[in-house]
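What follows is a set of notes on a single structure, which appears directly below.
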Amino acid sequence: NDDVSVVRSAHQMTFGGNLSYGYLKARYITYAANRIVINGSVTGHGLGDLLAGRVSQYLQKGTSISNSQVPQFAMYASDTWKAASKLTLSYGVRWEPYLPLKMLNKMGINTFSYDRFKQGIKSTVYPTAPTGWYYPGDSGHPGWRGPFNKWATFAPRAGFAWDPHGNGRTSIRGSFSYAYSPVLANWREDPAATNPWGNSTRVINPSGGLDDPWRGYPGGNPFPQVHL
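Whatever position you read off the sequence shown (first residue = 1), add 1334 for the numbering used here.
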């Protein structure tokens, strides 16, 4: 980070910028055991369903891995101007382009397009994926970053302070700013944990309940216990 402040006559001008590089490597086993939802949909009471061993939803998934990098940089300029003895103006702009993080392990990118969904377009990389979802390698996909770079992200701001009587006892102020919220690296947790990357499987109202939630599931338990 670097910031410079310059005073010239009735102006105090500031300039600055920052540069950062982020790297995230993580291994998630949050749902490797399972997630069980019991909501009273069978007996009408959550405790009743629990005692009866009835499950409304059973979720389990394999290990998901996130290995990503993201560069960030920004620049800004602002000016505080003593326009009159009773009036001070401030204004400036910040430029902070959005450069999405990149998945180095080439996993964990799931992108949905509503336009593709309306047109009934399916992925050519994963033809069995739901309509509207597309992945790196499909036509028009931004690749292993997920979203496209956004360079024209300018954030202006302006404000004023007015002392109507000039005695320092009353101040009328107003301001406006347009800002962007950064997208942090941990948003990849969900895409990295879903199919086809995280091998997530969900069963609604399993017939076997708590005793055997995978009863009747095609192919049997997709997460068999391995005894070492």
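We put the CB at the ideal spot given by N, CA and C, even for glycine.
Do you know how far the Cα of residue j is from the Cα of residue i?
| i | j | result |
| --- | --- | --- |
| L1353 | L1435 | 15 Å |
| G1474 | L1433 | 18 Å |
| T1535 | N1444 | 16 Å |
| F1446 | N1373 | 30 Å |
| Y1425 | R1342 | 16 Å |
| P1476 | N1483 | 9 Å |
| G1466 | P1525 | 15 Å |
| P1547 | G1378 | 20 Å |
| T1414 | G1471 | 49 Å |
| L1423 | A1513 | 19 Å |
| A1418 | W1496 | 9 Å |
| K1359 | Y1468 | 24 Å |
| L1393 | Y1365 | 7 Å |
| S1327 | M1437 | Summary: the structure shown does not reach residue 1327, with the chain confined to residues 1335 through 1562, and so no result is reported for it. |
So the alpha helix (DSSP H) residue i belongs to, where does it begin and stop?
| i | result |
| --- | --- |
| L1381 | 1380 to 1386 |
According to DSSP, residue i sits in a beta bridge with which residue or residues?
| i | result |
| --- | --- |
| L1358 | S1402 |
| T1445 | Y1468 |
| L1393 | R1369, R1536 |
Consult DSSP for residue i and reduce its assignment to one of helix, strand or coil.
| i | result |
| --- | --- |
| Y1432 | strand |
| F1451 | helix |
| N1352 | strand |
| P1490 | strand |
| W1531 | coil |
| P1470 | strand |
| W1485 | coil |
| A1526 | helix |
| A1519 | helix |
| S1424 | strand |
| D1413 | strand |
| A1495 | strand |
| F1557 | coil |
| A1463 | coil |
With residue i as the anchor, note down where its beta strand (DSSP E) starts and where it stops.
| i | result |
| --- | --- |
| D1545 | Per DSSP, D1545 belongs to no beta strand (DSSP E) and is neither H nor E. |
| D1336 | 1336 to 1342 |
| I1506 | 1506 to 1511 |
So the candidates are the options; which of them puts its Cα closest to the Cα of residue i?
| i | options | result |
| --- | --- | --- |
| M1409 | T1528, Q1394, N1335 | N1335 |
| D1383 | G1543, K1420, F1349 | G1543 |
| S1375 | I1538, Q1559, P1461 | I1538 |
| G1356 | T1487, A1386, Q1406, A1344 | Q1406 |
| N1533 | V1338, R1491, M1441, Q1346 | M1441 |
| A1344 | T1487, K1416, R1450 | K1416 |
| E1523 | L1381, K1395, S1339 | K1395 |
| G1502 | P1461, L1421, P1556 | L1421 |
| R1361 | W1531, R1549, P1558 | W1531 |
Is the CB of residue i under 8 Å away from at least one CB in chain D?
| i | result |
| --- | --- |
| L1384 | Annotation note: the requested chain D is absent from the structure, which comprises a single protein chain. |
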